[in-house]
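Each residue of the sequence shown is one higher than the one before, starting from 0 at the first, in numbering that gives the first Met the number 0. Taking it in order: structure first as structure tokens, then the write-up.
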Amino acid sequence: MFNIGMPELILILVIALVVFGPGKLPEIGNALGKAIREFKRATTQPAETDDEAAKKKAPKKTEDDKKPEA
Numbered sequence: 000m001f002n003i004g005m006p007e008l009i010l011i012l013v014i015a016l017v018v019f020g021p022g023k024l025p026e027i028g029n030a031l032g033k034a035i036r037e038f039k040r041a042t043t044q045p046a047e048t049d050d051e052a053a054k055k056k057a058p059k060k061t062e063d064d065k066k067p068e069a
């Protein structure tokens with residue numbers, strides 16, 4: 000893909016460790032993994048219609064929402 004070998008990968012990881020620190024690297028890796036996963040999902044699934052997307056984002060009605068106000 001990018002022809003990155005093991006030495007180059009290790010150098011990139013060491014630079015990232017120095018720049019971001021050991022505490023932030025897991026968070027950055029997690030966010031990067033989620034972004035890649037979401038990108039793959041978006042490119043493989045057909046696009047949703049606006050109605051389908053609105054139904055998924057609509058808040059669920061609870062028991063309190065169903066009761067009429069007195």
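The beta carbon of each residue, even a glycine, is placed where N, CA and C say it ideally should be.
DSSP places Lys39 inside the alpha helix (DSSP H), whose first and last residues are 24-43. Here Pro6 carries a helix assignment [DSSP, helix/strand/coil]. The Cβ-Cβ distance between Phe19 and Ile27 falls below 8 Å. Between Leu31 and Leu24, the alpha-carbon positions lie close to 10 Å from each other.
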